[in-house]
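A short write-up of the structure that comes next.
2 protein chains.
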Amino acid sequence: MLDATSSYKPTDRAPPPVDESDERQDRRIVPETTRRADRLPGNRYGNRPTMKDVAARAGVGLKTVSRVVNGEPGVTPDTERRVQEAIEALGFRRNDSARVLRKGRTASIGLVLEDLADPFYGPLSRAVEEVARAHGALLINGSSAEDPEREQELALALCARRVDGLVVIPAGDDHRYLEPEIRAGVATVFVDRPAGRIDADVVLSDNYGGARDGVAHLLAHGHRRIGFIGDMPRIHTAAERLRGYRAAMEDAGITVDERWMSLGATNPQRVRRAAEEMLSGTDPVTAIFAGNNRVTVTVIRVLAEHSRPVALVGFDDIELADLLQPGVTVVAQDAAALGRTAAERLFRQLEGTLLAPERIELPTRLITRGSGELPPAV
Amino acid sequence: MLDATSSYKPTDRAPPPVDESDERQDRRIVPETTRRADRLPGNRYGNRPTMKDVAARAGVGLKTVSRVVNGEPGVTPDTERRVQEAIEALGFRRNDSARVLRKGRTASIGLVLEDLADPFYGPLSRAVEEVARAHGALLINGSSAEDPEREQELALALCARRVDGLVVIPAGDDHRYLEPEIRAGVATVFVDRPAGRIDADVVLSDNYGGARDGVAHLLAHGHRRIGFIGDMPRIHTAAERLRGYRAAMEDAGITVDERWMSLGATNPQRVRRAAEEMLSGTDPVTAIFAGNNRVTVTVIRVLAEHSRPVALVGFDDIELADLLQPGVTVVAQDAAALGRTAAERLFRQLEGTLLAPERIELPTRLITRGSGELPPAV
DNA sequence: CGCGCATCTGACAACGTTGTCCAGGCTCTA
DNA sequence: TAGAGCCTGGACAACGTTGTCAGATGCGCG
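The listed protein sequences derive, respectively, from chains A and B.
Heads up: the first sequence begins at 16 in our numbering, then just goes up one per residue.
Heads up: the second sequence begins at 16 in our numbering, then just goes up one per residue.
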């Protein structure tokens, strides 16, 4: 559960009931500063009018207001007009919490991703949002910051909100905690990385194939000693890309030197050191395959300072890659397509057809811009 | 799997519990496709157990379960253990919708922004999320796509969800539609651009000052004919930056030629044309001030194809700006700080102190990298 | 041994909405 | 003009939770 660390308490105690006249007094005496939260009279949502208030004002029954609000048939134009006027006058807005409680559907879906600020996840998130919007649903999202515990906390908080469905970019590798939720009817789709230890829909890029193609591209340009810098192999995408690298090298009949590989390069400093190491010494690498966009950016910086030209292919496209000297050759994945595909799958689940869990793999695309076509330099 | 000893009270109007064997039957007979939504037995959230179910299984009262779930005092360890076991066994998760309805606080805040996929809003959104998280609240967000109508629709949908507060990056310029909501107690803070026609908190960058500094920087390097390419002036930030441009030029005693200015450059094609126009003809500009990150990127592309070196200063920082040739000089604003400041202000409102609406302006920072220091070339 | 008190527990109502169902008034037809 | 049927409107319960309050239990002390 999420814990409040400040005095803002979502779990507010109920204000003591105060009768109308006392309340008038309060209005005059209580300083402005205490008013916003504890405004009286009426209900706990400030002094928000309810359907009952609207009904009273319009001189109709409660259900008639509900009918008007929901555009249900069976209300004469005259009655409808009176209700509309009352709604207008009171500034009524339906309380969706109550509606949700009654109807059982929240018309919202949750998205658990790694980091909203990462340029890869922005478009993905946006794509999910668009699909949700097309289905009349809102998107609630949160970042796991690559922390499995936080991922779980977030996902379960979303389930407690009774989101209709969940799109998860996994940080952890054990998602059995979602089993009761899925059984209870929460549609669930994993994106970018597969779910751990449960059977669920998953949409991912062809990380293996993309990496293999990227490395093969370097091999085709004459490179033999090719470095690989990637994330921790416990992350599925990183492991797959590494596998692709190994496969391409093997296909070319090259035995990979352990010193050519750097795994778990999670921050710029480590990437920098890794790159510098494999570029120095005897038999330095003549090309580098960068395992993700953050690695690519750092490697570009290192190569910019390096005297000898070194070929580079990066996984994930980066903005302005074409404007650098040389342009950066990348294996691009389509973040928006990942998000869109996952969200669409989610809503297909929600439409009632219980589909067998499926693994959808989207192709990657090699974009040649120059850095990957440099010949080996000694 | 209801406990055999659990008995439903006579007062209980819930549908009669289906016993184990019947339930098994259902599972076998009902086709998979109808199951997810209409699963039996039980309530509308699939077959999600409620506190009542937990209470029955644990052989305690409803309120005792509530107490355990909320960590309230006054439950003997033994009772608590029994309840915990029942919760575990049933996979119970509290329904926050009902809780919200009862308590009046949703512990969630809404964020209406322009486009989640824009690299400027990712960090902003993330910062808001972090603050929300620190206060135990979830973030619901949506993109307005710069459409005022969609902004309103989104904001009001969030209000219907009874978010506790709203952070809005305005697309429109009339926010009176939020008045009833604010009166009803929805904390509201505007970011990046001020609210229109209502009095509310707003957090923004010093667009005017930043642009003036940026243009002054070009002037200091000897430029006289400086172009400005920006967004539609109906967007506050665009108008302010334009004002900064004009002020700097005026300070330098330069009369701005209308042909140096391009407003409403909303897509790359128009930016490109605008840039090409002001770079050609007699008396072309020798420097360009780009009004936002998207414009900057396009202008960089145009300049890359241009024979004569042209100085450039852009508003908003862009990734890899330092790696281009030359590095791109920018007026950087701190998106994360904007988001953080706004969210913190929001929660201060929620803590009960009703603060007078305030306008908070964050400074910008000029980052020199080369492109802004090029001398005028004829 | 009985009384009072503290501690623990549970019945009940309420939150604001929607689904069900019935009443009353209307129109239409025989 | 009466009866059937339709249309509109409203009373009521229910959704799952929490606040209130009173009842039950056990214990210590007079």
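Each residue gets a CB set at the ideal place from its N, CA and C atoms; glycine is no exception.
Would you say ASP68 of chain B and LEU116 of chain B are within 7 Å of each other, going by their C-beta atoms?
-> Taking the second sequence and counting its residues from 1, one reaches residue 68 of chain B at position 53. Taking the second sequence and counting its residues from 1, one reaches residue 116 of chain B at position 101. Taking 7 Å as the Cβ cut-off, ASP68 of chain B and LEU116 of chain B do not qualify as a contacting pair.
List in chain order: all unbroken beta strand (DSSP E) runs of 3+ residues lying wholly within the stretch 85-172 of chain B.
-> 123-128 and 153-158
Using alpha carbons as the reference points, say which of B:GLU388, B:GLU359, B:ASP331 and B:GLU103 lies closest to PRO378 of chain B.
-> Working through the second sequence from its first residue, we reach residue 378 of chain B at position 363. For the residues B:GLU388, B:GLU359, B:ASP331 and B:GLU103, the minimum Cα distance to PRO378 of chain B belongs to B:ASP331.
Return helix, strand or coil for LEU369 of chain B, following the three-state DSSP convention.
-> Stepping through the second sequence from its first residue, residue 369 of chain B is reached at position 354. Coil at LEU369 of chain B, not helix or strand.
With 7 Å as the threshold, decide whether the Cβ of VAL314 of chain A is near any Cβ in chain B.
-> As a position in the first sequence, residue 314 of chain A is number 299, starting the count at 1. Judged by the 7 Å Cβ criterion, VAL314 of chain A is not in contact with chain B.
Run of the alpha helix (DSSP H) containing ILE315 of chain B, from where it starts to where it stops | Within the second sequence, the letter at position 300 stands for residue 315 of chain B. Unbroken alpha helix (DSSP H) run through ILE315 of chain B: 308-320.
Secondary structure, beta strand (DSSP E): runs of 3+ residues fully inside the stretch 326-380 of chain B = 326-330, 344-347 and 374-377
CB contact below 7 Å: VAL115 of chain B versus chain A = Here residue 115 of chain B corresponds to residue number 100 of the second sequence, with the count starting at 1. By this cut-off, VAL115 of chain B is an interface position.
Going along chain B, which residues have a C-beta under 7 Å from GLN340 of chain A?
-> For the purposes of this step, residue 340 of chain A is taken as residue 325 along the first sequence, with counting starting at 1. Correct list: GLN340.
Are there 16 or more other CB atoms within 10 angstroms of the CB of GLN364 of chain B, so buried, or fewer, so exposed?
-> Against the second sequence, residue 364 of chain B aligns to sequence position 349. When all chains shown are included, GLN364 of chain B counts as buried.
Report the partner residues of LEU181 of chain A according to the DSSP bridge assignment.
-> To locate residue 181 of chain A, count along the first sequence from 1; it is residue 166. The partner list for LEU181 of chain A (beta bridge, DSSP) reads A:GLY125 and A:THR203.
Kindly list the residues whose CB is nearer than 8 Å to the CB of GLY151 of chain B, restricted to its own chain and excluding five residues on each side of it in sequence; keep chain order.
-> By 1-based counting over the second sequence, the position of residue 151 of chain B is 136. Correct list, in chain order: ALA122.
Boundaries (first-last residue) of the beta strand (DSSP E) holding ALA267 of chain A | The residue labelled residue 267 of chain A in the question sits at position 252 within the first sequence. Taken as a continuous stretch (DSSP letters only), ALA267 of chain A belongs to no beta strand (DSSP E), as it is neither H nor E.
THR121 of chain A: contacting residues in chain B (beta-carbon distance under 9 Å) | As a first step, residue 121 of chain A is located in the first sequence; it is residue number 106 there, counting from the start. Near THR121 of chain A (Cβ distances below 9 Å), the residues of chain B are SER112 and ARG176.
What residues of chain B sit near GLU144 of chain A, judged by a beta carbon separation below 7 Å?
-> As a position in the first sequence, residue 144 of chain A is number 129, starting the count at 1. The contacting residues are LEU131, GLY157 and SER158.
Alpha carbon to alpha carbon, how far is ASN308 of chain B from ASP133 of chain B? Give it in angstroms, no decimals.
-> For the purposes of this step, residue 133 of chain B is identified with residue 118 of the second sequence, where counting begins at 1. For the purposes of this step, residue 308 of chain B is identified with residue 293 of the second sequence, where counting begins at 1. If you take the alpha carbons of ASP133 of chain B and ASN308 of chain B, they lie about 9 Å apart.
Between the Cα of MET247 of chain A and those of A:ARG316, A:GLU144 and A:ALA186, spot the shortest distance and give me the residue it belongs to.
-> Mapped onto the first sequence, residue 247 of chain A falls at position 232. The shortest C-alpha separation from MET247 of chain A is found at A:ALA186.
Please specify which runs of the alpha helix (DSSP H), each continuous and at least 4 residues long, are wholly inside the stretch 229-257 of chain A, giving them in chain order.
-> none
Nearest candidate by alpha-carbon position, reference LEU128 of chain B, set B:SER112, B:PRO163, B:ASP111 and B:GLY119 = Within the second sequence, residue 128 of chain B is the residue found at index 113, counting from 1. When only C-alpha atoms are compared, the closest one is B:PRO163.
Name the chain A residues whose beta carbon is nearer than 9 Å to that of ALA392 of chain B?
-> For the purposes of this step, residue 392 of chain B is taken as the residue at position 377 of the second sequence. In chain order: nothing, as chain A lies at least about 20 Å away.
Bridge partners of GLY385 of chain B, per DSSP?
-> As a working note, residue 385 of chain B is residue 370 in the second sequence. The partner list for GLY385 of chain B (beta bridge, DSSP) reads B:GLY342.
Going along chain B, which residues have a C-beta under 8 Å from LEU154 of chain A?
-> By one-based count along the first sequence, residue 154 of chain A stands at place 139. Within chain B, the residues near LEU154 of chain A are ILE155, ASN156 and GLY157.
State the DSSP-derived secondary structure class of ALA175 of chain A, mapped to helix, strand or coil.
-> Within the first sequence, numbered from 1, the residue matching residue 175 of chain A stands at position 160. Correct three-state label for ALA175 of chain A: helix.
Collapsed DSSP secondary structure at ILE303 of chain A in the structure displayed | Translated into the one-based positions of the first sequence, residue 303 of chain A becomes position 288. In the structure shown, ILE303 of chain A sits in a strand (DSSP, three-state: E or B).
Please go through the same chain and pick out, in chain order, the residues whose beta-carbon is closer than 6 Å to the beta-carbon of ILE323 of chain B, but skip the five residues on each side of it.
-> One-based indexing of the second sequence puts residue 323 of chain B at position 308. Checking the sequence shown, residue 323 of chain B turns out to be Arg, not Ile. Same-chain partners within the cutoff: ALA392.
Go through its chain and collect everything with a Cβ distance to ASP228 of chain B's Cβ below 6 Å, but skip five positions before and after it.
-> Reading the second sequence from its first residue, position 213 is the one you call residue 228 of chain B. Around ASP228 of chain B: LEU381.
So, is the C-beta of GLY57 of chain A closer than 7 Å to a C-beta in chain B?
-> Here residue 57 of chain A is taken as the residue at index 42 of the first sequence, counted from 1. Low confidence applies to GLY57 of chain A: its pLDDT is 33, below 50, so where it sits in the model is not reliable, and the reading given next is rough at best. So, not an interface residue.
Sequence-distant residues of its chain with Cβ nearer than 6 Å to ASP216 of chain B (five each side left out) | Counted from its first residue, the second sequence places residue 216 of chain B at position 201. Excluding positions up to five away in sequence, the list reads VAL204, ARG360, PRO372 and GLU373.
Nearest-angstrom Cβ-Cβ length linking VAL328 of chain B and VAL310 of chain B, presumed shorter than 8 Å = Mapped onto the second sequence, residue 328 of chain B falls at position 313. Mapped onto the second sequence, residue 310 of chain B falls at position 295. Rounded, the Cβ-Cβ distance is 11 Å, inconsistent with contact.
Please specify which runs of the beta strand (DSSP E), each continuous and at least 3 residues long, are wholly inside the stretch 206-230 of chain A, giving them in chain order.
-> 216-220
Does the Cβ of ARG96 of chain B have 16 or more other Cβ atoms within 10 Å, making it buried, or fewer, making it exposed?
-> In the second sequence, counting from the first residue as 1, residue 96 of chain B sits at position 81. With fewer than 16 Cβ atoms within 10 Å of its Cβ, ARG96 of chain B is classed as exposed.
Are ILE213 of chain A and ARG191 of chain A touching if we call contact CB-CB under 7 Å?
-> Residue mapping note: residue 213 of chain A aligns to position 198 of the first sequence, counting from 1. Residue mapping note: residue 191 of chain A aligns to position 176 of the first sequence, counting from 1. It is a contact, given that the beta carbons lie within the stated cut-off.
In whole angstroms, what separates the C-alpha of VAL90 of chain B from that of THR368 of chain A?
-> Numbered from its first residue, the second sequence carries residue 90 of chain B at position 75. Numbered from its first residue, the first sequence carries residue 368 of chain A at position 353. If you take the alpha carbons of VAL90 of chain B and THR368 of chain A, they lie about 44 Å apart.
Under the three-state DSSP convention, the category SER295 of chain B falls into = Here the question's residue 295 of chain B lines up with position 280 in the second sequence. Three-state DSSP puts SER295 of chain B in coil, outside helix and strand.
Do GLY242 of chain B and MET293 of chain B have their CB atoms nearer than 7 Å?
-> On the second sequence, position 227 is the one that residue 242 of chain B refers to. On the second sequence, position 278 is the one that residue 293 of chain B refers to. Cβ distance < 7 Å, so GLY242 of chain B and MET293 of chain B count as in contact.
What's the C-alpha gap between GLU388 of chain B and ALA160 of chain A?
-> As a position in the second sequence, residue 388 of chain B is number 373, starting the count at 1. As a position in the first sequence, residue 160 of chain A is number 145, starting the count at 1. Rounded to the nearest angstrom, the two C-alpha atoms are 38 Å apart.
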